[in-house]
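J.: 2 is the number of the first residue of the sequence shown in the working numbering; add one for each residue after it.
A single structure is presented below for examination.
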Amino acid sequence: MNERDKNAKVPGPAAGKAEPSGLRKGLASYGDSGFSLFLRKAFIKGAGYTDNALDRPVVGIANTGSAFNPCHGNMTQLIEAVKRGVMLAGGLPMDFPTISIHESFASPTSMYLRNLMSMDTEEMIRAQPMDAVVLIGGCDKTVPAQLMGAASAGIPAIQLVTGSMLTGSHRSERVGACTDCRRFWGKYRADEIGDEEIADVNNQLVASVGTCSVMGTASTMACVTEALGMMLPGGAAPPAVTADRIRVAENTGATAVAMALSGLTPDKIMTGKAFENALRILLAIGGSTNGIIHLTAVAGRMGIDIDLDRLDVLGRETPVLIDLKPSGQYYMEDFHKAGGVHALLRELKPLLHLDAMTVTGRTLGEELEAAGPGFPQTVVRPFADPIYPQGGIAVLRGNLAPGGAIIKQSAADAGLMEHEGRAVVFENIDDLVARIDDDALDVKADDVLVLKHIGPTGASMPEAGYIPIPKKLARAGVKDMVRISDGRMSGTAAGTIVLHVTPESAIGGPLAQVRNGDRIRLSVKKREITLLVSEAELAERMSANPVTPPTAERGYRKLFLETVTQADKGVDFDFLRPKNTTERIPRDRSGDE
Ligand code: FES
């Protein structure tokens with residue numbers, strides 16, 4: 002025992018009126034706070050801690066490692082590096098587990114569990130004594146869940162991501178999850194490749210641990226979180242297995258200690274201006290459509306509403322500059338080598354709020370200044386030479402989607418953006434699975450595929466909006482069709498696909514009333530999605546076929562069905578958002594000088 006430990010007294014509650022910190026925070030209730038602390042210290046000393054260690058600022062580390070989550074397969078190394086950073090900066094690191102969600106291992110959908118993970122994260126941050134928290138996430142739903150939880154918990158928080166996986170090689174063609182997963186599966190469905198080749202490519206699509214290597218939802222959320230100011234500058238792009246990723250982790254730990262000491266809470270970072278910056282980045286990276294839902298949910302926790310129509314205005318003036326799949330050709334490791342998010346921010350500088358605060362305690366503009374000039378590269382295009390002239394995502398309205406819908410125009414077929422066709426309707430996923438590949442299905446290449454009941458309450462919003470091209474058309478060479486649903490689509494997917502139709506069919510939205518043979522018109526130019534039946538006919542169908550929303554008897558499913566909001570509110574639970582909206586963004590700048 003050292004001198005300090007021998008002489009150490011069990012400290013009482015923090016002296017004076019200062020807020021308790023470190024181990025003294027949030028004592029369990031025994032009616033005697035001195036005893037509560039005495040007991041807490043007795044237990045933690047059972048793990049061998051000294052009083053010296055226990056007097057330090059405590060940094061919690063949300064550990065989302067799981068054998069079911071290979072996207073977080075480098076968690077052990079990251080936690081070790083974060084702990085090193087915390088200790089070098091004079092803090093005490095304490096990692097703790099929370100729910101982990103992987104896209105392929107979450108049934109019925111990962112979206113169903115996102116809010117549960119956010120509640121777990123929030124309550125564990127509240128319940129355990131910590132002065133700041135490092136959130137380690139990566140796979141699609143984990144980062145938004147952690148940001149939502151941290152936004153509600155309110156203590157200093159910093160996001161770290163696991164980083165992207167490496168690309169693989171299939172018969173000397175570079176491949177990566179999961180744009181290429183879908184491309185090769187499409188070839189297999191069209192009988193262009195056989196059983197042997199599809200098995201071969203299955204071994205190469207995910208070449209290491211880490212998140213999907215294209216601009217899917219995980220990469221999108223990493224980039225927008227850096228732009229939001231909740232992650233270290235340069236923290237989004239380094240791949241999972243690189244030394245750069247580990248260094249980011251160490252620096253994240255050190256920064257968390259500084260945040261604990263300065264009291265840099267999420268409300269000082271996640272402001273309306275910061276969310277506008279994040280939305281700009283979402284549009285300029287050709288980001289996942291899921292990013293809108295997640296940013297809406299995180300902003301909602303801060304009392305900030307995202308106005309879809311104004312987002313569309315933002316989209317019209319923000320070009321897609323990142324040449325990454327699925328909108329372009331490169332992968333995340335190329336984006337990292339090209340300078341990552343800083344290279345993009347430099348191009349977008351005139352459109353950004355440079356005075357927005359970041360986790361470093363410096364503004365976005367100061368960080369950009371400190372990063373210095375860029376260097377020649379081909380992944381991030383100059384503002385004047387974009388890969389797509391407008392933002393990746395357009396917002397649609399019309400009698401089919403009075404509450405809005407979206408389309409990822411940068412990844413759609415230009416020839417289908419103005420299209421009218423006959424509806425071929427699937428009532429739900431089971432119906433789709435049963436009939437889509439039936440040679441007897443009455444479908445032609447210029448038809449519009451409609452899938453109902455995959456909205457938030459209908460099916461907890463699976464990524465089934467990427468309706469497969471019917472096999473008989475795929476075999477005939479059809480690569481894209483207009484597809485419409487109230488569900489979501491993976492950020493790694495591409496096609497002329499209308500998503501997030503609001504209100505959803507399961508609660509009686511007009512989508513529920515579409516019938517086989519109806520005509521539907523899509524006009525991305527006019528931002529319209531229209532069911533070409535008269536108002537009277539639609540009203541008649543609605544009263545003749547009222548929809549009964551699904552219910553559940555018990556448990557989390559009951560909570561989910563009774564409180565989940567629609568896509569335009571982020572699919573969060575209504576009781577997790579503050580009662581009042583304090584801000585609406587993007588701001589209407591039509592009156593600005
Ligand atoms: Fe985890 Fe794609 S499945 S990031």
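Don't be surprised by glycine CBs; every beta carbon is placed ideally from N, CA and C.
#1: Given Leu-79, which residues of its chain have a CB within under 8 Å of its CB, disregarding the five upstream and five downstream residues?
#2: Does the separation of the CB atoms of Arg-190 and Ile-470 fall below 9 Å?
#3: Measuring from the CB of Gly-217, is there a heavy atom of the ligand FES at a distance below 8 Å?
#4: Among residues of its own chain, excluding the 5 on either side of Met-462, which ones have a beta-carbon nearer than 7 Å to its beta-carbon?
#5: Taking the alpha-carbon positions, what's the Ala-495 to Val-483 distance?
#6: Is it true that the CB of Gly-211 sits closer than 9 Å to the CB of Leu-283?
#7: Can you tell me which residues form a DSSP beta bridge with Pro-94?
#8: With a threshold of 7 Å on Cβ separation, who are the neighbours of Tyr-332 within its own chain once the five nearest residues in sequence on each side are excluded?
#9: Is any heavy atom of the ligand FES found at a distance shorter than 8 Å from the C-beta of His-337?
#10: With a 10 Å radius around its C-beta and 16 neighbouring C-beta atoms as the bar for buried, classify Pro-75 as buried or exposed.
#11: By alpha-carbon positions, which one of Ala-285, Leu-365, Ala-261 and Gly-292 ends up nearest to Thr-272?
#12: Going by Cα to Cα distance, which pick from Leu-539, Ala-435 and Gly-399 is closest to Glu-529?
#13: CA-CA distance, Val-321 and Leu-512?
#14: Just to confirm before moving on: does the CB-CB distance between Ala-257 and Gly-92 stay below 9 Å?
#15: For the beta strand (DSSP E) containing His-295, name the first residue and the last one.
#16: Terminal residues of the continuous alpha helix (DSSP H) containing Gln-205?
#17: In whole angstroms, what is the alpha-carbon distance linking Lys-46 and Val-87?
#18: What are the boundary residues of the beta strand (DSSP E) that includes Glu-419?
#19: Taking 7 Å as the limit between beta carbons, can you name the residues of its chain near Ala-406, skipping five residues before and five after?
#20: Counting only runs that start and end within the segment 352-423, where is the alpha helix (DSSP H) found for 4 or more residues in a row?
#21: Would you report the Cα separation of Ser-119 and Ala-477, rounded to the nearest angstrom?
#22: Take Ala-553 and list the residues in its own chain whose beta-carbon comes closer than 6 Å to its own, dropping the five residues that flank it on each side.
#23: Between Val-565, Ile-521 and Val-515, which lies nearest to Asn-546 when the distance is taken from Cα to Cα?
#24: Can you grab the Cα-Cα spacing for the pair Pro-403 / Ala-372, in whole Å?
#25: Would you report the Cα separation of Asp-431 and Leu-114, rounded to the nearest angstrom?
#26: Tell me, please, whether the segment 339-358 touches the segment 215-232 by the rule of three or more beta-carbon pairs shorter than 8 Å.
#27: Under 8 Å by Cβ, that's how I've got Ala-63 and Val-144 pegged, so tell me the actual separation to the nearest angstrom.
#28: Whose C-beta lies closer than 8 Å to the C-beta of Gly-362 among residues of the same chain, with five residues either side of it excluded?
#29: Quick test of the definition: if touching needs 3 or more C-beta pairs under 8 Å, does the segment 579-591 touch the segment 304-323?
#30: With hydrogens ignored, establish whether the beta-carbon of Cys-224 is closer than 8 Å to any heavy atom of the ligand FES.
#31: Quick one: using the 10 Å Cβ neighbour count with 16 as the cut-off for buried, is Leu-533 buried or exposed?
#32: Could you tell me whether any non-hydrogen atom of the ligand FES is closer than 8 Å to the CB of Thr-212?
#33: Does the Cβ-Cβ distance between Ala-441 and Val-479 come in under 9 Å?
#34: Hey, would you say the C-beta of Thr-65 is under 8 Å away from at least one heavy atom of the ligand FES?
#35: Starting from the Cα of Leu-233, find the closest Cα among Gly-422, Ala-223 and Val-242 and give me that residue.
#36: Have a look at the DSSP bridge pairing and note the partners of Thr-531.
T.: Reading from the atomic positions:
#1: Looking up residue 79 in the sequence shown gives position 78. So the qualifying residues of the chain are Ile-137, Leu-161, Thr-163, Arg-246, Ile-247 and Ala-250.
#2: Along the sequence shown, one-based indexing puts residue 190 at 189. Along the sequence shown, one-based indexing puts residue 470 at 469. Pairing Arg-190 with Ile-470 gives a Cβ-Cβ distance under 9 Å.
#3: For the purposes of this step, residue 217 is identified with residue 216 of the sequence shown, where counting begins at 1. Yes, the ligand FES has a heavy atom inside 8 Å of this Cβ.
#4: The residue given as residue 462 occupies position 461 in the sequence shown. Closer than 7 Å at the Cβ level, and outside the excluded window around Met-462, lie Thr-110, Met-112, Ile-455, Gly-456, Gly-488, Arg-489 and Val-572.
#5: By 1-based counting over the sequence shown, the position of residue 495 is 494. By 1-based counting over the sequence shown, the position of residue 483 is 482. Ala-495 and Val-483: Cα-Cα distance of roughly 11 Å.
#6: Taking the sequence shown and counting its residues from 1, one reaches residue 283 at position 282. Taking the sequence shown and counting its residues from 1, one reaches residue 211 at position 210. Not a contact, by the Cβ cut-off of 9 Å.
#7: Residue numbering aside, residue 94 sits at position 93 when the sequence shown is read from its first letter. Pro-94 is bridged to Val-60.
#8: Position 331 of the sequence shown, counted from the start, is the residue given in the question as residue 332. In the same chain as Tyr-332, and ignoring 5 residues on each side of it, the C-beta atoms closer than 7 Å to its own belong to Thr-168, Gly-177, Ser-214, Val-215, Leu-325 and Lys-326, in chain order.
#9: Stepping through the sequence shown from its first residue, residue 337 is reached at position 336. Not under cutoff, so the answer is no.
#10: Locating residue 75 in the sequence shown gives position 74, counting from the first residue. Correcting the residue identity first, residue 75 is Asn in this sequence and not Pro. Under the 10 Å beta carbon count, Asn-75 is surrounded by 16 or more other beta carbons and is classified as buried.
#11: Here residue 272 refers to the residue found at position 271 of the sequence shown. Checking every option, the nearest Cα to that of Thr-272 belongs to Leu-365.
#12: In the sequence shown, the residue the question calls residue 529 occupies position 528. It is Gly-399 whose Cα lies nearest to the Cα of Glu-529.
#13: Mapped onto the sequence shown, residue 321 falls at position 320. Mapped onto the sequence shown, residue 512 falls at position 511. Near 30 Å, if we compare the C-alpha coordinates of Leu-512 and Val-321.
#14: The residue given as residue 257 occupies position 256 in the sequence shown. The residue given as residue 92 occupies position 91 in the sequence shown. Yes. Within cutoff.
#15: For the purposes of this step, residue 295 is identified with residue 294 of the sequence shown, where counting begins at 1. Per DSSP, His-295 belongs to no beta strand (DSSP E); it is in the alpha helix (DSSP H), 291-302.
#16: Residue mapping note: residue 205 aligns to position 204 of the sequence shown, counting from 1. Counting along the chain, Gln-205 falls outside any alpha helix (DSSP H), and DSSP gives it neither H nor E.
#17: Start at 1 with the first residue of the sequence shown, and residue 46 comes out as number 45. Start at 1 with the first residue of the sequence shown, and residue 87 comes out as number 86. Going from the Cα of Lys-46 to the Cα of Val-87 covers about 20 Å.
#18: Working through the sequence shown from its first residue, we reach residue 419 at position 418. Taken as a continuous stretch (DSSP letters only), the beta strand (DSSP E) holding Glu-419 covers 419-427.
#19: In the sequence shown, counting from the first residue as 1, residue 406 sits at position 405. Once the five neighbours on either side are set aside, the close Cβ partners of Ala-406 are Leu-397, Val-499, Leu-500, His-501, Val-502, Thr-503 and Ile-530.
#20: 365-372
#21: Here residue 119 is taken as the residue at index 118 of the sequence shown, counted from 1. Here residue 477 is taken as the residue at index 476 of the sequence shown, counted from 1. Going by the C-alpha atoms only, they are around 45 Å apart.
#22: To locate residue 553, count along the sequence shown from 1; it is residue 552. Lys-559 and Leu-562.
#23: If you number the sequence shown from 1, residue 546 lands on position 545. When each option's Cα is compared against that of Asn-546, the closest is Val-515.
#24: Position 402 of the sequence shown, counted from the start, is the residue given in the question as residue 403. Position 371 of the sequence shown, counted from the start, is the residue given in the question as residue 372. Rounded to whole angstroms, the separation of the alpha carbons of Ala-372 and Pro-403 is 44 Å.
#25: Against the sequence shown, residue 431 aligns to sequence position 430. Against the sequence shown, residue 114 aligns to sequence position 113. The straight-line gap from Cα to Cα measures roughly 22 Å.
#26: Counting Cβ pairs under 8 Å, three or more are found: they touch.
#27: Indexing the sequence shown from 1 puts residue 63 at position 62. Indexing the sequence shown from 1 puts residue 144 at position 143. The Cβ separation is near 11 Å, so there is no contact.
#28: For this step, residue 362 is matched to residue 361 along the sequence shown. Around Gly-362: Ala-259, Met-260, Ser-263 and Leu-265.
#29: yes
#30: Walking along the sequence shown from the start, residue 224 turns up at place 223. Every heavy atom of the ligand FES is 8 Å or more from the Cβ of Cys-224, so no.
#31: As a first step, residue 533 is located in the sequence shown; it is residue number 532 there, counting from the start. Under this definition Leu-533 is an exposed residue.
#32: Along the sequence shown, one-based indexing puts residue 212 at 211. Checking the Cβ of Thr-212 against the ligand FES gives yes.
#33: Counted from its first residue, the sequence shown places residue 441 at position 440. Counted from its first residue, the sequence shown places residue 479 at position 478. No, the Cβ-Cβ distance between Ala-441 and Val-479 is not below 9 Å.
#34: Reading the sequence shown from its first residue, position 64 is the one you call residue 65. Answer for Thr-65: no, Cβ out of range of the ligand FES.
#35: Along the sequence shown, read from residue 1 onward, the residue named residue 233 stands at position 232. Taking only the C-alpha atoms, the option nearest Leu-233 is Ala-223.
#36: Translated into the one-based positions of the sequence shown, residue 531 becomes position 530. Arg-522.
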